[in-house]
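In C-alpha cells, the structure reads:
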C-alpha cells in the first residue's frame with residue numbers, strides 16, 4: 001500500500017477551508033467546476049466530473065474545521081477503495097492542510113500523475129483563498145499528456 | 148519505506164531534460180540558483196543550497212537521456228540516505244518525466260511538505276522549457292509556513 005502525501009498552508013481560517021472541502025460550491029471553486037452531491041453529511045456521496053471521467057466519493061468521516069475523509073466508491077479502477085484524508089490545523093496565520101490519498105495497491109504510473117495533479121489542485125485551493133480565484137478543472141494547470 | 152512520486156510531461160527532447168538534470172546551469176534554472184558541483188559524472192557530488200539549508204547529492208546512476216539517480220549524502224536528517232530517481236521517456240511531443248524520491252523511513256509531516264514542493268519544482272522544470280523561464284529558489288512558489 002502506498003500513499004500520496006501533500007502539505008500546504010493557506011492564509012485563511014480552518015472553518016473557511018473546511019467549507020471548501022464540504023460544500024459543492026466550495027469544491028467547485030478549486031477542484032472541478034462540475035461537482036455535485038453532498039459533502040456535508042456522513043454517508044452521502046460527492047460526484048466530481050472532469051472531461052475524461054470522474055470520481056464518486058462517499059463521505060466517511062467529518063470533524064468540523066479539523067478533518068474530512070472520503071472513500072472512493074466509483075471512478076478509475078486504481079482509485080476504487082482508496083481514501084482521501086484532509087487534516088486541518090491552525091498555525092500562526094495559516095491553516096495547514098495535510099493531505100493523504102491512501103490505499104493505492106501499486107505505485108503505478110497513473111499514481112505518479114495523480115500525485116502531481118493533487119499538488120496542482122491543492123495550490124488551486126490555496127489560491128482560491130489568497131487571491132480570490134482557484135483554478136478548478138477545466139481551468140487547471142495541465143501537467144502532462146494525460147492532462 | 149515510503150516514496151514521493153510525480154509525473155510531468157515536457158514539450159522538449161529527452162536530451163534537453165537530461166541536460167537540465169546533470170549540469171549546474173541546467174539545475175540552477177529550475178531548482179535552486181545556488182547549485183554547485185558536478186552532476187555529469189558518476190560518484191561526483193551536487194550541492195543544492197537554499198535560504199534555510201540544502202542538500203548534497205551523490206550521482207550514483209546515469210544513462211544519457213534516460214535515467215538519473217542521486218543519493219542524498221548530506222542535508223536534513225530525514226533526507227540522508229534517501230534516493231532521488233529520474234526516468235525520462237519520449238512520448239509523442241512530450242518528454243515524460245517520472246520522479247521518485249524513495250527510501251523515506253516514515254511519512255513525517257516534512258515528507259508531506261517535500262512532496263508538494265517537488266511538484267512545484269517539477270512544474271518549474273517544465274516551465275523552463277515551455278516558457279523559457281523556470282522558477283528556481285528564491286523565485287519558487289511558496290506553499291506553506293515552511294516555504
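Residue numbers (this note's numbering), protein chains in the order written: chain D, 1 to 147; chain X, 148 to 294.
We put the CB at the ideal spot given by N, CA and C, even for glycine.
Exercise for the section: Run the CB neighbour count on residue 21 of chain D, radius 10 Å, all protein chains shown included, and call it buried at 16 or more, exposed below. Expected result: buried
Handout entry: Assigned exposure category for residue 162 of chain X - 16 Cβ within 10 Å defines buried
Key = exposed
Problem - Three-state secondary structure (DSSP) of residue 53 of chain D - result: strand
Problem - Own chain, CB closer than 7 Å to residue 153 of chain X, minus 5 neighbours either side, in chain order - result: 246, 265, 266 and 269
Problem - Neighbourhood of residue 170 of chain X by C-beta distance below 7 Å, restricted to the same chain and skipping five residues each side - result: 186 and 187
Practice task
Using a threshold of 8 Å, state whether the C-beta atoms of residue 17 of chain D and residue 42 of chain D are closer than that.
Solution key: The answer is no: Cβ separation not under 8 Å.
Handout entry: Cβ contact check for the stretch 219 to 237 of chain X and the stretch 191 to 211 of chain X: 3 or more pairs under 8 Å
Key = Taking 8 Å as the limit for Cβ pairs, the verdict is that the stretch 191 to 211 of chain X does touch the stretch 219 to 237 of chain X.
Exercise for the section: Please classify residue 130 of chain D: does DSSP put it in a helix, a strand, or coil? Expected result: helix
Exercise for the section: Reducing DSSP to helix, strand and coil, say where residue 210 of chain X ends up. Expected result: Secondary structure of residue 210 of chain X (DSSP, three-state): strand.
Practice task
Excluding the 5 residues preceding and the 5 following residue 197 of chain X in the sequence, name in chain order all residues of the same chain whose CB lies nearer than 6 Å to its CB.
Solution key: 179 and 284.
Exercise for the section: Give the DSSP-derived three-state secondary structure of residue 227 of chain D in the structure shown. Expected result: In the structure as shown, chain D begins at 1 and stops at 147. Residue 227 of chain D is therefore absent and cannot be evaluated.
Handout entry: Cβ pair residue 214 of chain X, residue 236 of chain X closer than 8 Å
Key = no
Exercise for the section: Show which residues of chain X have a CB atom less than 8 Å away from the CB atom of residue 9 of chain D. Expected result: Per Cβ cutoff of 8 Å: 290, 291, 292 and 293.
Exercise for the section: Please go through the same chain and pick out, in chain order, the residues whose beta-carbon is closer than 8 Å to the beta-carbon of residue 258 of chain X, but skip the five residues on each side of it. Expected result: 149, 151, 225 and 251
Exercise for the section: Would you mind telling me which residues of chain D sit closer than 9 Å to residue 285 of chain X, beta carbon to beta carbon, in chain order? Expected result: Within 9 Å Cβ-Cβ: nothing; residue 285 of chain X doesn't reach chain D, min ~18 Å.
Problem - Closer than 7 Å: residue 150 of chain X CB and nearest the ligand ADP heavy atom - result: You won't find the ligand ADP in this model; it holds no ligand whatsoever.
Practice task
Quickly, what does DSSP pair residue 10 of chain D with across the bridge? List them, please.
Solution key: Answer is D/95, bridged to residue 10 of chain D.
Exercise for the section: Assign residue 287 of chain X to one of two classes, buried (16 or more other C-beta atoms within 10 Å of its C-beta) or exposed (fewer than that). Expected result: The residue is buried, with at least 16 neighbouring Cβ atoms inside 10 Å.
Problem - Bridge partners - residue 183 of chain X, DSSP secondary structure assignment - result: X/194
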